[in-house]
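As given, the protein sequences belong to chains A and B, one line each in that order. When we follow the numbering used here, the leftmost residue of the first sequence carries the number 6, and every step to the right adds one. When we follow the numbering used here, the leftmost residue of the second sequence carries the number 6, and every step to the right adds one.
There are 2 protein chains.
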Amino acid sequence: MTTAPLKIGFIGLGIMGAPMAGHLLKAGHQLYVYTHGKVPEAIATSTATQCLDAKGVAQRADIIITMVPDTPDVAEALFGDTGVAKGLTAGKVVVDMSSISPVDTKQFARKIEALGCDYLDAPVSGGDVGARNAALSIMVGGKAEVFERIRPVFELMGKNITRVGGHGDGQTCKVANQIVVALTINAVAEGLLFAAKAGADPAKVRSALMGGLATSRILDILGERMINRCFDPGFRIALHQKDLNLALGAARSLGLALPATSNAQQLFSACVAQGGGAWDHSGMVRALERLSNFEIGQAAN
Amino acid sequence: MTTAPLKIGFIGLGIMGAPMAGHLLKAGHQLYVYTHGKVPEAIATSTATQCLDAKGVAQRADIIITMVPDTPDVAEALFGDTGVAKGLTAGKVVVDMSSISPVDTKQFARKIEALGCDYLDAPVSGGDVGARNAALSIMVGGKAEVFERIRPVFELMGKNITRVGGHGDGQTCKVANQIVVALTINAVAEGLLFAAKAGADPAKVRSALMGGLATSRILDILGERMINRCFDPGFRIALHQKDLNLALGAARSLGLALPATSNAQQLFSACVAQGGGAWDHSGMVRALERLSNFEIGQAAN
């Protein structure tokens, strides 16, 4: 690191947060951490300062990152009795890297700014592999000058870092991403299942479609998983369900109808009913297969 | 052309068939043509022989290509009172390049083979631009040796030429392509519409999504059309509706449920209700916009 060490707070040291915090430590920054449950060994034995609560983190650090599972967890971490807001003083920056509601995010940002602090929403994609390899995509909402100030910190954790717009726009972008991904999985699943049921070789159909207008990274990578019956995650259906729940909840509060998103969520629920919450999201095809009592790879008649 | 001229029949000289037949003429082949209505000027004034009916074409040509709108049109051209079957003698090849039912195609192939002839289904994608530029993708079903025999003829009309499998598999591949394309359009439309309604800039969201798992040619090209409000075809909604009708009809006869395909067809119908049958298929977004009384590009509140 060429710049002086920063005082960075990190709240939430789960499967994503722990490796992300690790990259900040490795870069020489002073970390102040708090997590529900036990602090992971690698961080407990590092130079990081363990705090009793989120308030304690906010009192000591200048930049406070949250990386927790869902909207209520961020609300609790920021505005609970022992939350970040209780420990903030003017001039600090709160950076929420969790994937949560874009609508609630706008309220959170207003409340943090009312304390004389700055706020960025900066959800990520790329999963635990991206977190470990410091290769996350980071989609940021908030003021441009605050984004530029925090950018060097983002660059320690990710590669494709975009400021999408103002408060909430990072979360909105993440939700839009998850909508497009889920529905493109549905597209590939119905197309390949049709081909197989009609008696064609789905692998040859997938190859013939690549290169044309139907081409997508999902046809390429997840289409191959559907054909090869490889449903180890990858990205778990239970997590994608959480993201579509954000999409549908936000859409409801915005007054927006998303019929195909709603349908895709039902297919994920059908997977969970088959015990598939931990399948890779390409496993959505199994809900369609169950519906028609036919599997890709089965001989059609 | 380095090989001897072939005697090729061409039935159906519409917006697709006329330029395709033109490429065969240009290559020096002897053409025997028949079409409903008037033979286009360029072909009428060429060396092509105009026949009174499809039977007359089949009597004179060794390879008989059909390029007509829909399944009943192929049935009529092949098996009508003055159809191809009435004029065939053993050893000839029937090549149906129309986009029609894969289920009916298998029957057509059996009936043509019973006459001692060969049959290929060889639907195309790429539209009238692809037809004019001899750049069509051609998806072929039928015997490998017949495919190899006809391949030089396909190469005069297309670029990406794939034998997918046996009889009907070319049509199956084309239908699968149209399913994947329609549902990926739906994916991009719901994702960008969500982003816009939540107050983010859909163009920035589209850029942020490109390069990640959500990447597709449709996000790239048709996503841009949705943002720029450019709905001139391209590929018309009315034609895509015909293709999804094939998908849903075949799925019904195969005993296969395609919930998202069914939903996409309803969105196309909603476009037609707005007078949008001639819009580019990216115009599907307008049905979703009408549903929620909000347009991409409109300021969100």
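Glycine included, each C-beta is placed from N, C-alpha and C at the ideal position. On a predicted model such as this, the values are computed, not experimentally measured, just so you know.
- Annotation for Gly163(B): Val129, Gly131, Gly135, Ala139, Ala140, Leu141, Ser142 and Ile143 place their beta carbon closer than 8 Å to its own, counting only its chain and skipping 5 residues before and after.
- When DSSP states are grouped into helix, strand and coil, Ser106(B) belongs to the coil group.
- With 16 or more other Cβ atoms from the protein chains shown falling within 10 Å of its own Cβ, Arg168(A) counts as buried.
- Between Met21(A) and Leu251(A), the alpha-carbon positions lie close to 19 Å from each other.
- Taking a beta-carbon distance threshold of 7 Å, Asp101(A) does not count as an interface residue toward chain B.
- The secondary-structure analysis by DSSP pairs Thr54(A) across a beta bridge with Tyr37(A).
- In terms of Cβ geometry, Gly17(B) and Thr71(B) form a close pair [threshold 7 Å].
- Under the Cβ distance rule, Phe152(A) does not count among the residues neighbouring chain B, no pair being separated by less than 7 Å.
- Within chain A, no residue has its CB atom less than 8 Å from the CB of Ala275(B), the nearest being about 10 Å off.
- Bridge partners of Asp123(B) according to DSSP: Val98(B).
- The DSSP-derived three-state label of Val44(A) is coil.
- In the same chain as Leu57(B), and ignoring 5 residues on each side of it, no C-beta atom comes closer than 6 Å to its own.
- Contact with chain A is found for Asp206(B), since one of that chain's Cβ atoms lies less than 7 Å from the residue's Cβ.
- Across the structure, Ala208(A) and Asn191(A) are spaced so that their CA atoms are roughly 17 Å apart.
- The DSSP-derived three-state label of Phe15(A) is strand.
- Assigned with DSSP and collapsed to three states, Thr167(B) falls in strand.
- DSSP places Thr220(A) in the coil class of the three-state scheme, outside both helix and strand.
- Listed along the chain, the chain A residues whose CB falls inside 7 Å of the CB of Pro107(B) are Ala203.
- Between Ala59(B) and Thr87(B) the beta-carbon gap is near 6 Å, inside 8 Å, which marks them as a contact.
- Annotation: the continuous alpha helix (DSSP H) that includes Val158(A) extends over Ala149 to Phe159.
- A Cβ-Cβ contact shorter than 7 Å links Gly14(A) with Val62(A).
- Within the same chain, Cβ atoms closer than 7 Å to the Cβ of Met215(B) are found at Leu224 and Asp225, the five residues on either side in sequence being excluded.
- Rounded to the nearest whole angstrom, the CA to CA distance from Ile68(B) to Val79(B) is 16 Å.
- Relative to Gly92(B), the option among Ala205(B), Pro107(B), Gly121(B) and Arg115(B) whose CA is nearest is Gly121(B).
- Contact annotation: Leu161(B) and Val145(B) have beta-carbon atoms that are not nearer than 7 Å.
- Across the stretch 127-161 of chain B, CB contacts with chain A closer than 7 Å involve Ser130, Ser142 and Met144, in sequence order along the chain.
- The beta carbons of Gly204(B) and Ala305(B) sit closer together than 7 Å.
- Within the stretch 259-272 of chain A, the residues whose Cβ lies closer than 9 Å to some Cβ of chain B are Leu259, Gly260, Leu261, Ala262, Leu263, Pro264, Ala265, Thr266, Asn268, Ala269, Gln271 and Leu272, listed in chain order.
- The residue among Leu30(B), Ser297(B) and Glu300(B) with its C-alpha nearest the C-alpha of Val158(B) is Leu30(B).
- Counted as a single uninterrupted DSSP element, the beta strand (DSSP E) harbouring Gly146(A) occupies residues Leu141 to Gly146.
- Take the alpha-carbon of Arg156(A) and the one of Thr40(A): they are about 24 Å apart.
- Among the residues of chain A, none has a CB under 9 Å from the CB of Arg230(B); the nearest is roughly 12 Å distant.
- Linking Gly173(A) to Leu197(B) through their CA atoms gives a straight-line distance of about 15 Å.
- Gln271(B) sits away from Leu249(B), with the two beta carbons spaced by 7 Å or more.
- Out of Thr94(B), Asp101(B), Val151(B) and Glu300(B), the CA that lies nearest to the CA of Lys179(B) is found in Asp101(B).
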